[in-house]
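Numbering (the numbering used here) for the sequence shown: 10 to 494.
We put the beta carbon where it would ideally sit given N, CA and C, even for glycine.
It should be emphasised that the depicted structure is a prediction, and the values quoted were computed from it without experimental measurement.
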Amino acid sequence: MINMVKMDFQTGWKQIEPCIQKLHILLDKQFNGQELEKEDQITTTQYSNTYTIIYNMCLEKQLKNPEQLYEAYKDQIQFFVINKDKSHIEHNNLPKLRYIEWSDTMSCEEYLWNTNNLLEQEKNRFAQALHRFSNTHEQISSIFNDEMIKNYKPILLSKDSGFQYMLINEKTKVLQLVYNLYKKLNDTFEDIRQAFSDYCAQIGQDLINQKIDAHLKEEELEKQQQQTQQNIQKKLLSYAIDYQFVENIFKYFHDINHIINSNFYQDPIFKVSFKNALDRFLNVQIDDYGVPELLANYTDKTLRKGAKENEDEMEKKIDKIIEVFNDLNEKDIFLNLYQSQLAQRLLMEESESIQYEKVMITKIKGCCGQGTEIKNYEGMLNDINLANEYKNNKLKFSLPSPSSQKKFKRETVNENRDHAIEAAIVRIMKSRKQLEFSELATEVNIMMKKFKPKLIQIKKKIESLIEREYIERDSENKNILHYKS
Numbered sequence: 010m011i012n013m014v015k016m017d018f019q020t021g022w023k024q025i026e027p028c029i030q031k032l033h034i035l036l037d038k039q040f041n042g043q044e045l046e047k048e049d050q051i052t053t054t055q056y057s058n059t060y061t062i063i064y065n066m067c068l069e070k071q072l073k074n075p076e077q078l079y080e081a082y083k084d085q086i087q088f089f090v091i092n093k094d095k096s097h098i099e100h101n102n103l104p105k106l107r108y109i110e111w112s113d114t115m116s117c118e119e120y121l122w123n124t125n126n127l128l129e130q131e132k133n134r135f136a137q138a139l140h141r142f143s144n145t146h147e148q149i150s151s152i153f154n155d156e157m158i159k160n161y162k163p164i165l166l167s168k169d170s171g172f173q174y175m176l177i178n179e180k181t182k183v184l185q186l187v188y189n190l191y192k193k194l195n196d197t198f199e200d201i202r203q204a205f206s207d208y209c210a211q212i213g214q215d216l217i218n219q220k221i222d223a224h225l226k227e228e229e230l231e232k233q234q235q236q237t238q239q240n241i242q243k244k245l246l247s248y249a250i251d252y253q254f255v256e257n258i259f260k261y262f263h264d265i266n267h268i269i270n271s272n273f274y275q276d277p278i279f280k281v282s283f284k285n286a287l288d289r290f291l292n293v294q295i296d297d298y299g300v301p302e303l304l305a306n307y308t309d310k311t312l313r314k315g316a317k318e319n320e321d322e323m324e325k326k327i328d329k330i331i332e333v334f335n336d337l338n339e340k341d342i343f344l345n346l347y348q349s350q351l352a353q354r355l356l357m358e359e360s361e362s363i364q365y366e367k368v369m370i371t372k373i374k375g376c377c378g379q380g381t382e383i384k385n386y387e388g389m390l391n392d393i394n395l396a397n398e399y400k401n402n403k404l405k406f407s408l409p410s411p412s413s414q415k416k417f418k419r420e421t422v423n424e425n426r427d428h429a430i431e432a433a434i435v436r437i438m439k440s441r442k443q444l445e446f447s448e449l450a451t452e453v454n455i456m457m458k459k460f461k462p463k464l465i466q467i468k469k470k471i472e473s474l475i476e477r478e479y480i481e482r483d484s485e486n487k488n489i490l491h492y493k494s
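So this is what it looks like as structure tokens:
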């Protein structure tokens, strides 16, 4: 039977401190994987006495509102535990000692798994002993997390066995662990996202370098072959190089999306990092042409007669084309070249299927909306359908071969862009009447779905419209523009 004795908090705490010290020793040894000595054990008598003291402290006297007393004891106990445990951890610096030892001797994968196991052990101890003190757990855990996880990030991003190694070698489980550990810290993943974006950009640059190397070999072949053989061989090799390059881009998109979905749980911030990487290689010139031209030529080859894909395979290939198209900054280059190639396929009756053409146009419309190009595409299909209703003698025309479209003339596209930027500025200013330059530039960029105009292009068009008295600058603030009705 428990001997009830009136006892104040301070007196009781002093009496149970020896038992608390033993608990510290026990936890220290358990943390370090050491065996417990007999004198480290808490005896039955010590346990019984400590339990009685705590019981008496909690039943010092009956109050009208005992919850206030228990809440006060909770605050005091939490204060003692936090200060003593925090002092104990900082004094002995067990996490830091572990961090120094493990980070020097273990690979990143080993370190992360060991740290995670240690974290789970600490979590289980709290669940068993101090489950009601969630705030205490959070504060003690933050010390562990700062030493063992947060401080390890620079090593994770720089070590040979670190983050880049995990990405290259498809270490799915470890990458998931990286994500979960830093997610618990409410980490913004800024450094990790940048490392991921750099990885994506490097893979893209490797694809470009492979293509450049292939073209160097093509030039070497040109020197070695006779002129007649060379022209035929060169064309075949050039087509194969360009076709394989686009196929590699499709695989690249698939692989990176798989990493994001499987390792980073489809987190949108990693998708943004991927998009940033795409801008660093997908929208650059390769020789005197770029990905929009290569993708258009690939699309033309895919939709021409002779395609070996069945309906499902064809739709999947069209989806891959649209996925890359959607991330192009220069969509208008693709659209103009696609229009001329569509006309050739239809007039020469070389389209694999009108249905496939309709699917392609519908998906382009989903990306760009109902623009002039879409109307032109649909008009071509309607004309062909109308022509097929008549069975007159066919007339044959000599049309340029598709290969001549590879090096697409961009001058016409640039002229169309100038008109589109100018029309957008007038439309916006007519609606808003007055805008600052930065606001106008932002709205123009939002309106341009088929390409991203450069700031210098917008400035030139504004100056042109000012000269022609469509808009004017504010008399006091030159950064403000007014629409002249």
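Can you give the Cα-Cα distance for S57 and H33, rounded to whole angstroms?
Within the sequence shown, numbered from 1, the residue matching residue 57 stands at position 48. Within the sequence shown, numbered from 1, the residue matching residue 33 stands at position 24. About 19 angstroms.
Cβ shell of K329 (< 6 angstroms), same chain only, five flanking positions each side left out:
The residue given as residue 329 occupies position 320 in the sequence shown. Around K329: F259.
Start-to-end residues for the alpha helix (DSSP H) that takes in R354
Start at 1 with the first residue of the sequence shown, and residue 354 comes out as number 345. That run of the alpha helix (DSSP H) goes 340-356.
For the alpha helix (DSSP H) that Q173 lies in, which residues bound it at each end?
Taking the sequence shown and counting its residues from 1, one reaches residue 173 at position 164. In the DSSP assignment, Q173 falls within the unbroken alpha helix (DSSP H) covering 172-177.
Using only CA atoms, which one of F334, N178, V281, N391 lies nearest to F460?
Mapped onto the sequence shown, residue 460 falls at position 451. Distances from the alpha-carbon of F460 to those of F334, N178, V281, N391 put F334 closest.
Tell me whether the stretch 263-278 and the stretch 313-328 touch, counting them as touching only if at least three CB pairs, one residue from each stretch, are closer than 8 angstroms.
Judged by Cβ distances under 8 angstroms, the stretch 263-278 makes no contact with the stretch 313-328, as fewer than three pairs qualify.
Supposed close pair N292, N338 - CB separation, criterion 8 angstroms
If you number the sequence shown from 1, residue 292 lands on position 283. If you number the sequence shown from 1, residue 338 lands on position 329. A Cβ-Cβ separation of about 4 angstroms places N292 in contact with N338 under the 8 angstroms criterion.
Quick one: grab the DSSP three-state call for L474.
Walking along the sequence shown from the start, residue 474 turns up at place 465. In the structure shown, L474 adopts helical secondary structure according to DSSP, grouped into three states.
Could you name each continuous alpha helix (DSSP H) segment of 4 residues or more that falls completely within the stretch 263-326, going from the start of the chain to the end?
For the stretch 263-326, whole alpha helix (DSSP H) runs of length 4 or above, ordered along the chain, are 277-288, 300-312.
Length of the line joining the Cα atoms of G378 and M456:
Along the sequence shown, read from residue 1 onward, the residue named residue 378 stands at position 369. Along the sequence shown, read from residue 1 onward, the residue named residue 456 stands at position 447. Cα to Cα, G378 sits roughly 11 angstroms from M456.
Buried or exposed: which applies to I51, given that a residue is buried once 16 or more other Cβ atoms fall within 10 Å of its Cβ?
Stepping through the sequence shown from its first residue, residue 51 is reached at position 42. Taking every protein chain shown into account, the CB of I51 has fewer than 16 other CB atoms within 10 angstroms, so this residue is exposed.
Of the choices K340, M323, M357, N345, whose alpha-carbon is the least far from that of K367?
Against the sequence shown, residue 367 aligns to sequence position 358. Checked all of K340, M323, M357, N345; the closest Cα to K367 is M323.
Write down the C-beta distance between L346 and Y386 rounded to the nearest angstrom, noting that I regard them as a contact closer than 8 angstroms.
Here residue 346 corresponds to residue number 337 of the sequence shown, with the count starting at 1. Here residue 386 corresponds to residue number 377 of the sequence shown, with the count starting at 1. Between L346 and Y386, the beta carbon gap of about 13 angstroms keeps them out of contact (Cβ cut-off 8 angstroms).
Can you give the Cα-Cα distance for S150 and E129, rounded to whole angstroms?
Reading the sequence shown from its first residue, position 141 is the one you call residue 150. Reading the sequence shown from its first residue, position 120 is the one you call residue 129. Cα-Cα distance, rounded: 11 angstroms.
Determine, using beta carbons only, whether I393 and L355 come nearer to each other than 7 angstroms.
As a working mapping, residue 393 is identified with position 384 in the sequence shown. As a working mapping, residue 355 is identified with position 346 in the sequence shown. Taking 7 angstroms as the Cβ cut-off, I393 and L355 qualify as a contacting pair.
Exposure of S360, with buried meaning 16 or more beta-carbon neighbours within 10 Å
The residue you call residue 360 lines up with position 351 of the sequence shown. S360 should be labelled buried.
For a test of the three-state rule: what should DSSP assign to E481, helix, strand or coil?
In the sequence shown, the residue the question calls residue 481 occupies position 472. The answer is strand: DSSP assigns E481 an E or B state.
Which residues share a DSSP beta bridge with E445?
Start at 1 with the first residue of the sequence shown, and residue 445 comes out as number 436. Per DSSP, I489.
For the candidate residues E179, I465, N391, whose alpha-carbon lies nearest to that of S447?
As a position in the sequence shown, residue 447 is number 438, starting the count at 1. Measuring from the Cα of S447, the nearest candidate turns out to be I465.
In chain order, what residues of the same chain have a beta carbon less than 7 angstroms from the beta carbon of V255, not counting five sequence neighbours either side?
Translated into the one-based positions of the sequence shown, residue 255 becomes position 246. For V255, the CB contacts under 7 angstroms within the same chain, skipping 5 residues up- and downstream, are L303, L304, Y307 in chain order.
Option in K226, K468, D336 with minimal Cα separation from A249:
Locating residue 249 in the sequence shown gives position 240, counting from the first residue. Nearest option by C-alpha distance: K226.
Cα-Cα separation, I430 to I467:
Position 421 of the sequence shown holds residue 430. Position 458 of the sequence shown holds residue 467. Approximately 7 angstroms, taken between the alpha carbons.
List the whole-angstrom C-beta distance separating Y161 from Y208, where the pair is believed to meet the contact cut-off of C-beta under 8 angstroms.
Here residue 161 corresponds to residue number 152 of the sequence shown, with the count starting at 1. Here residue 208 corresponds to residue number 199 of the sequence shown, with the count starting at 1. With a Cβ gap of about 19 angstroms, Y161 and Y208 do not count as contacting.
Comparing C-alpha positions only, which one of K340, T371, D309, D336 sits nearest to Q353?
Here residue 353 refers to the residue found at position 344 when the sequence shown is read from its first residue. The candidate whose alpha carbon is nearest that of Q353 is D309.
By the 10 Å Cβ neighbour count, where 16 or more other Cβ atoms means buried, how is R426 classified, buried or exposed?
Along the sequence shown, read from residue 1 onward, the residue named residue 426 stands at position 417. Buried, because 16 or more other Cβ atoms sit within 10 Å of the Cβ of R426.
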